[in-house]
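Positions 1 to 469 (the UniProt record's numbering) are the ones given, in order, by the sequence shown.
In this text, a Cβ means the ideal position worked out from N, Cα and C, and glycines have one as well.
What follows is a short report on a single structure.
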Amino acid sequence: MLSPGVQLGNRYRLDERIASGGMGDVWRGTDQVLGRTVAVKSLLPALLDDPDFGERFRGEARTMATINHPGVVDVYDFGNDQQIAFLVMEYVEGDALSSTLSRVGRLTPARTMALVAQAADALHAAHEKGIVHRDVKPGNLLVRPNGTLVLTDFGIARSDMVGQLTAAGSVLGTASYISPEQATGGVATPASDVYALGVVAYQCLAGRRPFEGDNPLDIAMKHVREKPRPLPADIPPQVRAVVERALAKDPAARWPSAAALAGVARQLKATLSQQARSGANSAPISAAPASPAAPGRAQVPQAHHMRPPGARPPVAGPRPSAVAPAQQPRPTAIAPAVQPGRPPAAPNGYPRGAAAVPSAPPRQEHPPAYVRQAGPSAPAPGPRRSSPGMVLLAILLAVLVLVCSGVISYSLRKQSQAGEPAGLTPRAVTSGALRLDGRDDPTVTSYRREVRLQPDGGGTTTSEGRQTR
């Protein structure tokens, strides 16, 4: 029985057991030759009873050592000591995905797609070397603090299907992620790893595995015969489609390779992340409607929908020249006067220079002046008239009044002369030169006129005056 302080291969000291399973234990150890921390996985002695198993495991360890990929844990050494086979690997700082799911329950679609893309990349690197993992599950996916993922434990479960379902400790985990072809005794292929990764993605999104049962065999048969329960309704349909295709019963209906799954998962992760950053400018990827009050989801309304009648429009750049008249209601009265210094309105109804972005929001201490926005066919009100213009206007009005008065007076006099009674005849008219300074002035003549009313002779009218030649 292994315990802390035991040394394997006269080089690797076991310091702490960090995981345990049906195939063996995983220890944090120290390479006493190189002085570095390593992970040491010890295999159960019962597995070595099969001579073919030991040989296959040793050959796969050599092959894994040739994989150079950041998502695949590095294999340093393999050996036997005291009837214990052990595998020395890179020690990864971080938590297993299984621990994270136990702690938080579910992951976001973007985070799930990011982990699926990394795991699929790692599987593709192994598949290109002819290696099928056969045991993809959250416990074999280590996540570093920076979010990068490392795939571990390649080829540990190499025994037959019956041996996997009867081995104590790791039965439930293995049966929960097994592919239908493996559950029916078929050969594991890269498509089997794609299926298992689809189960992992399902668990990350739903917080539960797609199939559960009373025993490992019951769970394995559900992978063969039943459809998985639907994912939660808040999962975007594109993400749902990726996972459902990975969980297809027929290997030919799944993603054609781990690389193809990695590509679509990476693209979805980028789309979801961009949507989260842009928020208002992107349509939600989920079919469920977004709450109007959700932060970052509300759409910015158009300015003319929010502008009160007659208010100056907010300026953020050049405005289109064609504006529907209905969007700019015109008041029935014009404001008293435009403030001095304000530039005249342009033909499109906005003040000149409106393309400049204001340095600060308009002040709201006083209500905005009610200024009519002139449309394309209505000219803007001109500037206030100057004092000389008002004087000229007054003179013109006075002249007009005088002319009108003269015309009216002339008309009345003509009517009076035309309507004088026929009986009015002059009685007598006398005249004489006016004397000035004792002598006659020929330019001024005095006269006297007497008119008697006819026919009754009831009175006379006398007028006196002088006439100037």
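- Boundaries of the alpha helix (DSSP H) around Leu-197: 190-206.
- According to the DSSP assignment, Ala-46 belongs to no alpha helix (DSSP H), since it is labelled neither H nor E.
- Residues of the same chain with a CB within less than 6 angstroms of the CB of Ala-183, apart from the 5 flanking positions on each side, are Ala-220, His-223 and Val-224 in chain order.
- Where Gly-24 is concerned, there is no enclosing alpha helix (DSSP H), although the beta strand (DSSP E) around it starts and stops at 24-31.
- With 16 or more other Cβ atoms inside 10 Å of its own Cβ, Pro-190 counts as buried.
- Here Gln-83 is exposed. Its C-beta has fewer than 16 other C-beta atoms within 10 Å.
- Looking at the DSSP output, Ser-20 sits in a beta bridge with Asp-25.
- The alpha helix (DSSP H) runs of length 4 or more contained entirely in the region 48-126 are, from start to end of the chain, 51-65 and 97-104.
- With contacts defined by Cβ atoms closer than 8 angstroms, Gly-198 and Ala-252 do not form a contacting pair.
- Where Val-150 is concerned, the enclosing beta strand (DSSP E) starts and stops at 149-151.
- In the DSSP annotation of this structure, Leu-142 is not part of any alpha helix (DSSP H); the continuous beta strand (DSSP E) holding it starts and ends at 141-143.
- It is roughly 8 angstroms from the alpha-carbon of Leu-115 to the alpha-carbon of Thr-148.
- With fewer than 16 other Cβ atoms from the protein chains shown falling within 10 Å of its own Cβ, Glu-226 counts as exposed.
- For Arg-11, no alpha helix (DSSP H) encloses it, and the DSSP letter there is neither H nor E.
- Apart from the 5 residues on each side of it in sequence, Ala-265 sits with its Cβ closer than 6 angstroms to the Cβ of Met-113, Val-116 and Ala-117 in its chain, given in chain order.
- Per DSSP, the continuous alpha helix (DSSP H) segment holding Met-221 begins and ends at 216-225.
- About 31 angstroms separates the Cβ atoms of Ser-42 and Leu-107, ruling out a contact at the 8 angstroms cut-off.
- Under the three-state reduction of DSSP output, Arg-134 falls in the coil class, being neither helix nor strand.
- In this structure, Asp-193 and Val-104 do not form a Cβ contact; the two beta carbons are roughly 25 angstroms apart against a cut-off of 8 angstroms.
- Val-132 has its alpha-carbon roughly 23 angstroms from the corresponding atom of Pro-210.
- Secondary structure at Thr-37: strand, using DSSP grouped into helix, strand and coil.
- For the pair Thr-30 and Pro-216, the Cα-to-Cα distance works out to about 36 angstroms.
- CA-CA distance, Arg-277 to Gln-238, rounds to 19 angstroms.
- Linking Glu-128 to Gly-24 through their CA atoms gives a straight-line distance of about 27 angstroms.
- When DSSP states are grouped into helix, strand and coil, Val-187 belongs to the coil group.
- The C-alpha of Ala-260 lies about 15 angstroms from the C-alpha of Ala-196.
- Val-40 places its beta carbon 8 angstroms or farther from that of Phe-78.
- Going by DSSP, Gly-263 is part of the alpha helix (DSSP H) stretching over 258-278.
- DSSP, read as helix, strand or coil, puts Tyr-410 in helix.
- In the displayed model, Ala-233 falls within coil according to three-state DSSP, outside both helix and strand.
- Here Glu-212 carries a coil assignment [DSSP, helix/strand/coil].
- For Ala-175, the enclosing alpha helix (DSSP H) has its first and last residue at 171-176.
- Here Arg-13 has Gly-5, Val-6, Gln-7, Gly-29, Thr-30 and Gln-32 as same chain residues with Cβ atoms under 8 angstroms from its own Cβ, once five neighbours each way along the sequence are excluded.
- In terms of Cβ geometry, Val-72 and Leu-151 form a close pair [threshold 8 angstroms].
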